[in-house]
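Residue numbering for the sequence shown follows UniProt numbering, starting at 1 and increasing by one per position. In what follows, a single structure is set out as structure tokens and then discussed.
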Amino acid sequence: MAWYSRLFGGQETTGPALTARQQQLLAAWRQLPDQDMRRSHYRCRYVVVDVETTGINVKTDRLCAIGALAVVNGQIDFKDAFHLVLEPAAPADDPAEHPEPVAGAPSIDALISFLHFVGKAPLLAYNVPFVAAMIERTLAENLGIDLGLPWIDLAWVMPDLFRDVEHTETGLDAWLNHFAITSIRRHHAVSDAYATAQLLQITIASGARKGFTTPASLLDLEKARRHMHQSG
């Protein structure tokens, strides 16, 4: 289990009762082969993910949307994309007491479709602890599963690969501005996933020149940078 999954205390989640068909689909996903993390960037599939939520608290706020886009063999594949919107549920009592929308329960079938879209590809995001926690908690609550896939965080990888960039500002916007990448609709899950996918392409090219030629090498780079940050 990924370290950020332990934010929820490590408690098992049984999830709702699933139909026989849904259980078969989950079993089929579990049996998919793991991707070889030692293969070249240009011979593998990444899935870049972003989310929309009701807030920034990973324990109490809810997931509103998932946007995902595949980067296959180093290229963004616009036909290999996924968008899941969770409609807000109407409050049962006085609406005046709920000025903010409350996210409703996601479709079980839609979440299973997300799993099959991802397959066993490495997942990539900017600010993984937040993105991963929201997705993994939703999957645990609704499907009773632990995703258990590797996540790569550009927020840690890029500063090491681009040490010549002045980091007077932090966050996704600073990197998008630096590389003149325009988000079609900022804070929209699919649009932000597309912008992040472009950063991944830049990261892959720079990493390959510096000997970081595989998903595993990016994970190693991230772990080393985290260790240095914690030690410092």
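Glycine residues also receive a C-beta, built at the ideal position from the N, C-alpha and C atoms. These numbers come from a predicted model, not from an experiment.
Distance, residue j Cα to residue i Cα
i, j, result
"Asp80", "Thr60", "31 angstroms"
"His178", "Val47", "23 angstroms"
"Ala224", "Trp156", "10 angstroms"
"Ala27", "Asp153", "28 angstroms"
"His188", "Val51", "8 angstroms"
"Leu219", "Leu84", "27 angstroms"
"Ala121", "Glu136", "15 angstroms"
"Leu221", "Arg185", "30 angstroms"
"Ala197", "Ile66", "15 angstroms"
Reference residue i, options the options, closest by Cα
i, options, result
"Pro129", "Trp151, Arg38, Leu26", "Trp151"
"Thr19", "Asn142, Val47, Leu124", "Asn142"
"Ala110", "Leu25, Leu200, Gly74, Ile76", "Leu25"
"Phe82", "Phe117, Leu221, Thr53", "Phe117"
"Asp192", "Ala205, Trp175, Ala208", "Trp175"
"Leu63", "Asn73, Leu69, Leu84, Met134", "Met134"
"Phe212", "Arg39, Phe78, Ile76", "Arg39"
"Thr214", "Ile56, His229, Arg21, Gln35", "Gln35"
"Leu124", "Asp173, Asp160, Leu69", "Leu69"
"residue 237", "Leu161, Asp160, Asp173, Leu115", "Residue 237 is absent from the structure shown; the chain starts at 1 and stops at 232."
"Val131", "Ile204, Ile56, Thr170", "Ile56"
"Cys44", "Asp77, Arg30, Gln31, Val58", "Asp77"
For residue i, three-class secondary structure by DSSP
i, result
"Gln23", "helix"
"Gly207", "helix"
"Phe78", "strand"
"Thr196", "helix"
Minimum Cβ-Cβ distance from residue i to chain C less than 8 angstroms
i, result
"Lys210", "Although the question refers to chain C, the structure presented lacks it and comprises just one protein chain."
Start and end residues, alpha helix (DSSP H) containing residue i
i, result
"Thr138", "128-143"
"Asp160", "154-161"
"Ala180", "Here Ala180 belongs to no alpha helix (DSSP H), and DSSP marks it neither H nor E."
"Ile184", "Ile184 -> no alpha helix (DSSP H), and no H or E assigned at all."
"His116", "108-118"
For residue i, the residue or residues it bridges with in DSSP
i, result
"Tyr46", "Val71"
"His83", "Gly67"
"Leu124", "Val48, Ile152"
"Thr53", "Leu63"
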